[in-house]
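**Student:**
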Amino acid sequence: MTSIPLIGEAVAVAAEPRLAGAKVGVVTFPGTLDDRDAARAVRLAGATAVPLWHADSELGDVDAVIIPGGFSYGDYLRAGAISRFAPLMSKIIDAANSDAKLPVLGICNGFQILTESHLLPGSMIKNDHLKFICRDQTLRVENANTAWTVDYTDGQEIIVPLKNQDGQYIADEKTLDALEAEGRVVFRYVGFNPNGSRRDIAGISNAAGNVVGLMPHPEHAVEAGFGPEAGLSGSAGETRDTDGLGFFTSVLTKIVGGDK
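By my numbering, the letter at position 109 of the sequence shown is numbered 97, and the numbering carries on one by one without gaps.
#1: What does the Cβ neighbour count give for residue 140, buried or exposed, with the cut at 16 atoms within 10 Å?
#2: My understanding is that residue 26 touches residue 198, with C-beta atoms under 8 Å, so please give their C-beta distance in whole angstroms.
#3: Can you give me the Cβ contacts of residue 77 inside the same chain, cut-off strictly under 8 Å, excluding the 5 residues immediately before and after it?
#4: Per DSSP, what kind of secondary structure is residue 29 in: helix, strand or coil?
#5: Should residue 93 and residue 192 be called a contact, given that it needs their Cβ atoms to be closer than 7 Å?
#6: Classify residue 88 as buried or exposed, calling it buried when 16 or more other Cβ atoms lie within 10 Å of its own Cβ.
#7: Whose C-alpha, out of 146, 182, 237 and 242, is nearest the C-alpha of residue 28?
#8: Helix, strand or coil for residue 114? Go by DSSP, reduced to three states.
#9: Would you tell me roughly how many angstroms separate the C-alpha atoms of residue 153 and residue 118, rounded to the nearest one?
#10: If contacts are defined as beta-carbon pairs under 8 Å, then residue 206 and residue 235 qualify, I think. What distance do you get, rounded to the angstrom?
#11: How about residue 210 and residue 128: do their beta carbons lie closer than 7 Å?
#12: In the stretch 49 to 119, which residue ranges form an unbroken alpha helix (DSSP H) of at least 4 residues, counting only runs that do not cross its ends?
#13: How many Å lie between residue 69 and residue 99 at the Cα?
#14: Identify, in the order they occur along the chain, each residue of the same chain with its Cβ nearer than 8 Å to the Cβ of residue 231, setting aside the five sequence neighbours on each side.
#15: Measuring only the C-alpha atoms, how far is residue 54 from residue 168?
#16: Report buried or exposed for residue 135, applying the criterion of at least 16 other Cβ atoms within 10 angstroms of its Cβ.
Spelled out as structure tokens, the structure:
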């Protein structure tokens, strides 16, 4: 019988000395739920997680930023609509669009905020079935060349948890065609479209590939014994509970340069 590690015992990867100086900011808004999970994922990948508050006026010296999931400002008006105007978001927008191209990852509500901020095109609306959904979800990696996906391979299928009620990605046909043609569809739902997103899109990037948004939650699949169960995809007994860790090691690969 395989023993399950206690919470806090499992270490998904061994931290490398050259990653110790990498700093990844994790933003908290009123209503954010998954900031601690995102920070833990950063630490498991080997870097330092830096807490950032929505009202901060400066980003500091972080090397990348994660906008985690939750219900910022209670999803009033539209999911992510109020957070877009937080003081820190103007700094994130400027840094992402600068020559330095700060890597930015938006997860779930973070994805919604990125569309509201126009860092990513399109919009998020309520699921087509009008219900909250929570399940393990298979995704196919469509672009393994972004700052957040270089540790995956094109066509690879991963399993990460998904939980949303405003998860339906929409855009006009011209925008969707451009995303497809430019390779900016980063993830696609496989086997089941949980929210009616156009063309089964689960995640996209900006043109430079430094900004990525996706609806499922990779930060909940980074630690042995506490991620999705095997069997949803792949052979029985196959371990899939750290499929999301590649997001966080990928950005560190980008930060330090070269192969890990």
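Just so you know, even glycine gets a beta-carbon here, dropped at the ideal spot from N, CA and C. None of the values given here were measured: they were computed from a predicted structure.
**Tutor:** If we stick to the structure as given:
#1: buried
#2: Incorrect: roughly 17 Å between the Cβ atoms, too far for contact.
#3: 42, 71, 101 and 105
#4: DSSP places residue 29 within a helical segment (H, G or I) once states are collapsed to three.
#5: no
#6: exposed
#7: Of all alpha-carbon atoms in 146, 182, 237 and 242, the one lying nearest the alpha-carbon of residue 28 is that of 237.
#8: Here residue 114 sits in coil by DSSP.
#9: 7 Å
#10: 5 Å
#11: In this structure, the beta-carbon distance from residue 210 to residue 128 does not fall below 7 Å.
#12: Entirely contained in the stretch 49 to 119, the alpha helix (DSSP H) runs reaching 4 residues are, in chain order, 75 to 85 and 97 to 104.
#13: 11 Å
#14: 146, 147, 148, 206, 209, 215 and 216
#15: 24 Å
#16: buried
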